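Asks: Next up is a structure, given as structure tokens.
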Amino acid sequence: MTKLAVNLSMIFTEVPLIERFALAYAHGFKHIEIQFPYELSIAEIQNQLTQHDLSLCLINVPAGDLMQGGNGLAGIPGREQEFHQALELAIQYAVALKVPSVNILAGKQPLDCDLLPCLNTLAKNLKLACFMLAEHHIQPVFEMINGTDMPRFLIQNVAQAQEILEAVQHPALKMQYDCYHMAMMGEDVLTELKENILEIGHIQFADCPGRHEPDTAQIHFKEIFDWLSHSDYAGFIAAEYRPQAHSNHSFAWKNKYFAEHPQS
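Per this note's numbering, the sequence shown starts with residue 87, numbered consecutively.
As structure tokens, then:
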């Protein structure tokens with residue numbers, strides 16, 4: 087069964103976040119993800135999930151100043167206490183809202199810091215996250231982000247992600263694999279999925295280049311979605327793209343690729 091989700095942080099942005107739950111439901115989605123849900127209270131989100139019969143499948147740990155052009159938290163020496171506090175807030179939301187996976191963004195290498203201390207800090211913070219999330223049976227994932235859109239990001243490809251998995255050595259930790267970011271890095275998306283699926287806990291997709299909906303650029307999504315539907319992958323597959331026009335007109339891919347695959 088395909089567990090298809092839609093990202094409310096990048097799609098339906100024509101309206102405030104509180105109004106996007108209803109639009110997800112109207113377009114036939116059962117699952118949603120929100121990058122940073124913290125502008126809404128837990129009670130507000132729970133009310134929307136209940137009202138529209140939705141589940142929230144993924145949130146991010148707060149990433150400090152990363153999304154405003156700063157370096158972030160998780161891999162930044164000296165910001166460990168801030169990361170711990172951010173992790174506690176994410177756990178509070180995830181537990182209350184029954185979120186099965188929490189994503190940790192590594193952050194960017196500061197201009198005045200060597201790479202190795204950053205990677206060591208990231209590994210230690212991921213170990214802490216694994217320990218704290220495991221207490222609540224929540225899966226920790228971490229994401230690779232391409233170095234064009236976010237220069238100096240600490241984890242940009244699968245090879246680097248595998249090194250982090252080796253350093254952390256915790257069975258719960260998985261990669262969050264974003265097809266767009268890996269295509270931007272010049273990777274063969276389908277091959278990488280096949281070779282690494284056991285180490286992947288969550289998948290996101292957008293076409294590349296452009297980061298719009300499927301069939302607007304160069305990724306061959308039919309092959310990817312067909313393979314995933316017959317694989318042993320049990321995680322979510324989430325649409326995380328910037329609609330080329332209006333969000334409501336960006337879902338031709340949904341009927342094209344998922345009508346024939348039963349969704350849970």
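For each residue, glycine too, the CB sits at the ideal point set by N, CA and C. Keep in mind the model is a prediction, meaning the values are calculated, not measured.
Cα-Cα, which of D293, I310, W313 is closest to Q304?
Replies: D293
Asks: Go ahead and label T136 buried or exposed: buried means 16 or more other beta carbons lie within 10 angstroms of its beta carbon, across all protein chains shown.
Replies: exposed
Asks: Quick check: the Cα distance between A324 and L201, rounded to an integer number of angstroms?
Replies: Straight through space, the alpha carbons of L201 and A324 are spaced by roughly 31 Å.
Asks: Would H288 and F344 qualify as a contact pair, given that the criterion is a beta-carbon distance under 8 Å?
Replies: Result no, Cβ atoms of H288 and F344 do not sit closer than 8 Å.
Asks: Closer than 6 Å by C-beta to I231: which residues in its own chain qualify, once you throw out the five before and the five after it? Chain order, please.
Replies: F239, H267
Asks: Answer yes if the segment 173-182 comes into contact with the segment 193-208, meaning at least three C-beta pairs across the two stretches below 8 Å, and no otherwise.
Replies: No, because fewer than three Cβ pairs between the segment 193-208 and the segment 173-182 fall closer than 8 Å, the two stretches do not touch.
Asks: What does the Cβ neighbour count give for P300, buried or exposed, with the cut at 16 atoms within 10 Å?
Replies: buried
Asks: Determine the direct distance from the alpha carbon of H316 to that of L159, and round the result to whole angstroms.
Replies: 37 Å
Asks: Residues bridged to A110 by DSSP?
Replies: None, per the DSSP bridge assignment.
Asks: Pick from V275, N189, Q195: whose alpha carbon is nearest that of L212?
Replies: N189
Asks: What residue does the alpha helix (DSSP H) around C265 start on, and which one ends it?
Replies: Taken as a continuous stretch (DSSP letters only), the alpha helix (DSSP H) holding C265 covers 265-270.
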